[in-house]
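*Asks:* Chains as they are written, first to last, in the numbering used here: chain A, 281 to 963; chain B, 56 to 392.
Next up, the structure:
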């Protein structure tokens with residue numbers, strides 16, 4: 281809201297210069313966002329919080345200044361023309377919707393001369409950021425800025441039947457508002473109607489056909505209280521926000537309607553030749569002041585202060601509240617209707633703290649002791665932090681991608697996710713962000729593609745994020761996912777150049793499982809959606825499937841315009857949390873030495889490492905403690921469809937040193953079975 | 056004799072200069088200063104000189120000995136500082152083999168640093184779901200359905216009245232429903248609001264929330280804890296101010312500003328010429344929130360606070376566009392190792 285420094289001085293005399301006042305107001309909760317110098321005046325841009333409709337006018341801000349500096353406000357002068365017997369009766373007002381419009385004050389002024397406003401009035405209205413219209417409309421705006429009560433002036437002669445009805449609009453009714461737009465109305469919208477049709481949207485905007493213009497002779501002035509919720513809904517439905525609706529939806533002072541109307545009439549009738557009717561005042565005159573008991577030591581206990589009762593009372597009085605002592609330690613506070621935001625004791629505590637000054641409240645450290653009440657971090661969080669360590673240590677960069685994405689029927693179909701399982705946002709910003717992701721892979725590929733397009737060709741990334749789905753009964757679910765993607769070179773220097781590979785994804789996951797104490801994991805080779813059938817596997821912990829790794833299928837990469845190979849993996853975090861064992865126990869180091877035998881063989885390509893290793897271990901029982909493949913080779917010197925591979929087998933017994941004979945005999949058995957089972961040729 | 060001395064000196068200097076290693080220098084030492092060395096030999100001839108020449112040339116020869124010795128030492132030092140490389144030497148000016156090293160995301164890093172201060176003060180880290188209900192996101196937090204205060208919490212809705220949380224505060228409610236005071240918690244997490252993406256807005260962003268509840272928790276405690284956080288995060292010279300503000304779920308409420316660390320409070324484009332940067336919102340837990348979780352508001356008081364992680368990271372690292380966080384350019388991420 282724009283507030284003129286000079287204008288404020290009409291309601292209260294104070295010494296603070298514009299900068300000092302701005303600072304004082306800011307530190308009281310009226311944040312001055314900017315100060316504009318305008319012809320000898322300073323105009324503040326103040327951010328008014330939504331709980332303080334009483335600050336949406338200069339008189340309200342003057343109240344604040346009164347409390348802050350301990351000053352006394354000047355009353356607003358209203359001089360109405362003397363009542364005479366001849367005074368015309370007020371307009372006929374019928375409130376059909378009493379909930380929507382608890383009070384309506386109307387008055388008719390005859391003999392007005394509509395013209396351009398005098399300079400003083402115009403400059404006041406403009407200082408508040410409103411454009412000047414004509415003297416009558418400008419007076420209503422001036423009064424709104426002064427007291428916070430929005431008012432509307434109708435051209436009385438244009439109101440059919442010369443009467444006003446406040447009612448809900450009927451379906452099919454229309455109104456061209458003063459901005460020239462035709463509005464379709466319905467039963468959710470409160471309107472002011474004449475004998476036959478709506479002439480204004482209550483509390484939001486008047487109609488074009490009944491607005492006051494230069495030919496207007498008779499004015500009907502409206503000063504009413506409209507229900508905040510109804511005004512808000514109506515304004516939102518019609519897509520209008522006006523100075524009036526802004527105030528009504530935040531609540532105006534129902535007790536102030538008549539006073540505001542009188543003030544406006546006194547300004548309009550300052551011109552010669554005007555005659556004013558009686559004031560028609562329909563509906564409630566507003567509620568009584570509410571009473572709140574304040575316990576002073578209770579207030580100080582919450583604030584951590586020791587503000588004396590007398591100081592509290594002075595602060596509250598300064599804000600325009602009624603204050604009486606009540607008991608030894610209490611104040612009975614009477615809250616007038618312009619401060620409807622004050623409902624309970626805590627509201628008064630805030631007022632005291634605000635005016636006393638937050639900066640005067642000491643800084644202390646809470647005595648709450650929480651040590652020993654369990655770990656400060658959850659197991660899951662510790663697992664995630666460990667995962668970050670392993671993955672960044674392996675050279676991967678953490679990414680964060682949007683959880684909201686465009687619909688992707690291709691991926692959805694590939695993963696056989698039914699439509700009902702995809703969570704959609706009902707009010708998306710755009711189609712680019714209308715669904716919650718079912719998997720992280722697309723976000724990862726976005727990152728790869730973004731980087732490749734900028735000639736950054738080596739991308740090693742991971743994300744710890746969530747995927748979302750909808751269960752059969754319509755309950756939305758979210759579950760943690762670790763996603764990994766690698767592309768380009770993993771090593772590129774003057775000595776060596778090595779491209780990223782699916783075994784890097786696998787290796788990182790193995791290292792992660794090591795770090796998390798997960799032992800019984802395995803990788804089961806299997807064709808999987810979105811991955812190349814030539815390189816994809818399911819990740820398992822025990823019998824449970826916890827994720828997948830593989831080379832991303834070319835068809836999917838094409839959709840992201842990615843040329844090279846991308847290797848990816850996704851793991852279900854809930855399974856990882858459950859399997860992770862972070863406690864470590866020391867195991868006695870082996871007391872006896874081990875012996876190693878290498879076996880070099882040529883074997884059919886179809887014989888997998890898992891099978892060969894398994895066979896060796898089975899043959900030797902617990903004595904083969906390590907079986908490690910080396911020097912895998914295919915090509916010249918090896919028959920087609922075969923591979924050459926070396927297995928290094930480490931033997932050890934827990935209770936004795938194995939003799940050469942024992943080891944050689946085991947080695948012999950292993951060689952024999954490899955030949956028998958796999959048709960291997962030993963070299 | 057004098058000419059001989061000069062000739063020896065010139066020759067010695069030449070040879071010393073071209074000596075390639077300490078072995079060569081040792082040989083030269085023997086050649087000139089050794090028992091049968093050239094200088095020693097001349098000294099031996101002194102006795103055969105005339106009485107008046109003897110002292111002059113003796114002096115001259117001793118000086119020569121010292122000069123040769125000095126020249127050798129100097130050459131020795133020179134050789135020591137630029138040793139001759141052996142044939143199989145390694146060109147250590149080539150870049151080293153760096154072990155792979157990735158980085159956590161700057162937002163993760165920022166969250167971690169924020170949490171660290173509070174962990175040090177005994178807070179516990181708690182997390183909660185991103186998909187929420189209106190009850191947890193609004194009602195239990197004293198946010199009225201049809202009030203303008205809700206405008207600040209524009210929200211993405213999913214079906215069946217579920218929504219994407221627009222702040223991390225619902226976790227406060229969930230925590231209080233199951234736990235009893237006293238406690239101190241911090242809650243990091245993603246939140247969502249329908250804000251079109253630009254340099255300073257995003258429909259997805261991160262917050263860190265905090266809540267302390269117990270008997271006798273005061274506004275002064277709130278000031279103490281947050282001032283401590285700000286000084287530990289932004290430096291001990293950071294000035295802090297608490298400005299009254301409005302939030303439906305706290306009362307009294309405040310916004311906290313830190314003195315602009317770009318301009319030192321003088322006013323610059325980052326702080327909008329105000330000298331202050333708005334960092335977080337906070338306040339004493341509203342009694343209605345306690346009512347919603349069935350806490351005795353007469354017995355317990357508490358304070359809560361919340362801050363936007365992106366904003367803090369942008370200020371701390373001098374990042375001028377929020378979109379950079381979610382584009383994940385490797386050249387961007389690589390700066391936060």
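Each residue gets a CB set at the ideal place from its N, CA and C atoms; glycine is no exception.
How is the beta strand (DSSP E) around residue 505/A delimited, first residue to last?
*Replies:* Position 225 of the first chain, counted from the first residue, corresponds to residue 505/A. Start and end: 498-505.
*Asks:* Alpha carbon to alpha carbon, how far is residue 268/B from residue 148/B?
*Replies:* Within the second chain, the letter at position 213 stands for residue 268/B. Within the second chain, the letter at position 93 stands for residue 148/B. Between residue 268/B and residue 148/B, the alpha-carbon positions lie close to 60 angstroms from each other.
*Asks:* Going by CA-CA distance only, name the one from 940/A, 929/A, 941/A that's closest to residue 950/A.
*Replies:* Counting from 1 along the first chain, the entry for residue 950/A is found at position 670. Ranking 940/A, 929/A, 941/A by Cα distance to residue 950/A puts 929/A first.
*Asks:* Between which two residues does the alpha helix (DSSP H) harbouring residue 290/A extend?
*Replies:* Within the first chain, the letter at position 10 stands for residue 290/A. That residue, residue 290/A, is in no alpha helix (DSSP H); it is neither H nor E in DSSP.
*Asks:* Reducing DSSP to helix, strand and coil, say where residue 750/A ends up.
*Replies:* For the purposes of this step, residue 750/A is taken as the residue at position 470 of the first chain. Residue 750/A falls in the strand class under three-state DSSP.
*Asks:* Would you please verify whether the beta carbon of residue 763/A is less than 7 angstroms from any beta carbon of chain B?
*Replies:* Position 483 of the first chain, counted from the first residue, corresponds to residue 763/A. The beta-carbon of residue 763/A is placed no less than 7 angstroms from the nearest beta-carbon of chain B.
*Asks:* Which residues, in order along the region 358-388 of chain B, keep a beta-carbon less than 7 angstroms from a beta-carbon of chain A?
*Replies:* Residues are counted here when their Cβ sits less than 7 angstroms from a Cβ of chain A; for the region 358-388 of chain B these are 380, 381, 382, 383, 384, 385, 386, 388, given in chain order.
*Asks:* When burial is assigned at 16 or more other CB atoms within 10 Å of the CB, is residue 145/B buried or exposed?
*Replies:* In the second chain, the residue the question calls residue 145/B occupies position 90. So residue 145/B ends up on the exposed side.
*Asks:* Chain A partners of residue 298/B, CB-CB under 8 angstroms?
*Replies:* For the purposes of this step, residue 298/B is identified with residue 243 of the second chain, where counting begins at 1. Simply 306, 307, 309, 311, 638.
*Asks:* Quick one: is residue 211/B near chain A, going by C-beta distance under 7 angstroms?
*Replies:* What you label residue 211/B is simply residue 156 of the second chain in a count that begins at 1. Closer than 7 angstroms to some Cβ of chain A, the Cβ of residue 211/B qualifies, so yes.
*Asks:* Give a yes or no on whether the C-beta atoms belonging to residue 529/A and residue 303/B are separated by under 7 angstroms.
*Replies:* Within the first chain, residue 529/A is the residue found at index 249, counting from 1. Within the second chain, residue 303/B is the residue found at index 248, counting from 1. Contact flag unset, no.
*Asks:* DSSP three-state call for residue 865/A: helix, strand or coil?
*Replies:* By 1-based counting over the first chain, the position of residue 865/A is 585. Here DSSP, grouped into helix, strand and coil, assigns residue 865/A to coil.
*Asks:* Would you kindly report the start and end of the unbroken beta strand (DSSP E) that includes residue 297/A?
*Replies:* Translated into positions along the first chain, residue 297/A becomes position 17. Here residue 297/A belongs to no beta strand (DSSP E), and DSSP marks it neither H nor E.
*Asks:* Under the three-state reduction of DSSP, which class applies to residue 528/A: helix, strand or coil?
*Replies:* Residue mapping note: residue 528/A aligns to position 248 of the first chain, counting from 1. Note: residue 528/A maps to helix in three-state DSSP.
*Asks:* So, with DSSP's three-state summary, where would you put residue 466/A?
*Replies:* Here residue 466/A refers to the residue found at position 186 when the first chain is read from its first residue. Residue 466/A: coil per DSSP, three-state reduction.
*Asks:* Using 7 angstroms as the limit for Cβ to Cβ distance, is residue 180/B near chain A?
*Replies:* The sequence position of residue 180/B within the second chain is 125, counting from 1. Chain A contact via Cβ: present.
*Asks:* Taking 7 angstroms as the cut-off, decide whether the C-beta atoms of residue 522/A and residue 484/A are in contact.
*Replies:* Within the first chain, residue 522/A is the residue found at index 242, counting from 1. Within the first chain, residue 484/A is the residue found at index 204, counting from 1. It is a contact, given that the beta carbons lie within the stated cut-off.
*Asks:* How would you write the range of the alpha helix (DSSP H) that residue 343/A sits in, first residue to last?
*Replies:* Walking along the first chain from the start, residue 343/A turns up at place 63. Here the alpha helix (DSSP H) through residue 343/A covers 338-349.
*Asks:* Which residues bound the beta strand (DSSP E) around residue 665/A?
*Replies:* Against the first chain, residue 665/A aligns to sequence position 385. Here residue 665/A belongs to no beta strand (DSSP E); instead the alpha helix (DSSP H) covers 659-673.
*Asks:* Can you tell which of 443/A, 544/A, 912/A, 506/A has the C-alpha that lies nearest to the C-alpha of residue 357/A?
*Replies:* Against the first chain, residue 357/A aligns to sequence position 77. Closest by alpha carbon: 544/A.
*Asks:* I need the DSSP call for residue 193/B, collapsed to helix, strand or coil.
*Replies:* By one-based count along the second chain, residue 193/B stands at place 138. Coil at residue 193/B, not helix or strand.
*Asks:* Between residue 784/A and the rest of its own chain, which residues show a CB-CB distance below 7 angstroms, the 5 nearest in sequence each way excluded?
*Replies:* Residue numbering aside, residue 784/A sits at position 504 when the first chain is read from its first letter. Closer than 7 angstroms at Cβ, skipping near neighbours: 766, 770, 847.
*Asks:* Bridge partners of residue 322/A, per DSSP?
*Replies:* Residue mapping note: residue 322/A aligns to position 42 of the first chain, counting from 1. Answer is 317/A.
*Asks:* Is the region 662-679 of chain A close to the region 693-700 of chain A, with three or more CB pairs under 8 angstroms?
*Replies:* no
*Asks:* Give a yes or no on whether the minimum CB-CB distance between residue 283/A and chain B is below 7 angstroms.
*Replies:* Position 3 of the first chain, counting from 1, holds the residue named residue 283/A. Taking a beta-carbon distance threshold of 7 angstroms, residue 283/A does not count as an interface residue toward chain B.
*Asks:* Kindly identify the DSSP beta-bridge partner or partners of residue 879/A.
*Replies:* Position 599 of the first chain holds residue 879/A. The bridge partners DSSP lists for residue 879/A are 927/A.
*Asks:* Straight-line CA distance for residue 786/A to residue 869/A?
*Replies:* Taking the first chain and counting its residues from 1, one reaches residue 786/A at position 506. Taking the first chain and counting its residues from 1, one reaches residue 869/A at position 589. Each residue's CA atom was taken as its position, placing residue 786/A and residue 869/A some 29 angstroms apart.
*Asks:* Going along chain A, which residues have a C-beta under 9 angstroms from residue 316/B?
*Replies:* Position 261 of the second chain, counted from the start, is the residue given in the question as residue 316/B. Near residue 316/B there are no residues of chain A at all, since even the closest Cβ is about 20 angstroms away, more than 9 angstroms.
*Asks:* Can you say whether residue 432/A is buried or exposed, counting buried as having 16 or more other CB atoms within 10 angstroms of its CB?
*Replies:* For the purposes of this step, residue 432/A is identified with residue 152 of the first chain, where counting begins at 1. Burial call: buried.
*Asks:* Would you mind telling me which residues of chain A sit closer than 7 angstroms to residue 272/B, beta carbon to beta carbon, in chain order?
*Replies:* Working through the second chain from its first residue, we reach residue 272/B at position 217. 646, 648, listed in chain order.
*Asks:* Between the Cα of residue 472/A and those of 875/A, 675/A, 504/A, 629/A, spot the shortest distance and give me the residue it belongs to.
*Replies:* As a position in the first chain, residue 472/A is number 192, starting the count at 1. Out of 875/A, 675/A, 504/A, 629/A, 504/A has the C-alpha closest to the C-alpha of residue 472/A.
*Asks:* What does DSSP give as the partner residue(s) for residue 318/B in the beta ladder?
*Replies:* In the second chain, the residue the question calls residue 318/B occupies position 263. DSSP lists no partner for residue 318/B.
*Asks:* Mind listing the chain B neighbours of residue 404/A? Cutoff is C-beta to C-beta under 7 angstroms, in chain order.
*Replies:* Here residue 404/A is taken as the residue at index 124 of the first chain, counted from 1. In chain order: nothing, as chain B lies at least about 26 angstroms away.
*Asks:* Nearest-angstrom Cα distance between residue 946/A and residue 892/A?
*Replies:* Locating residue 946/A in the first chain gives position 666, counting from the first residue. Locating residue 892/A in the first chain gives position 612, counting from the first residue. The straight-line gap from Cα to Cα measures roughly 15 angstroms.
*Asks:* Let me make sure I understand the geometry here. Which of 112/B, 326/B, 118/B, 382/B has the alpha-carbon closest to that of residue 373/B?
*Replies:* Counting from 1 along the second chain, the entry for residue 373/B is found at position 318. Of the candidates 112/B, 326/B, 118/B, 382/B, the one whose C-alpha sits nearest the C-alpha of residue 373/B is 326/B.
*Asks:* Relative to the alpha-carbon of residue 405/A, which residue among 467/A, 454/A, 375/A, 284/A has its alpha-carbon at the smallest distance?
*Replies:* Residue 405/A sits at position 125 when you count from the first residue of the first chain. Checking every option, the nearest Cα to that of residue 405/A belongs to 284/A.
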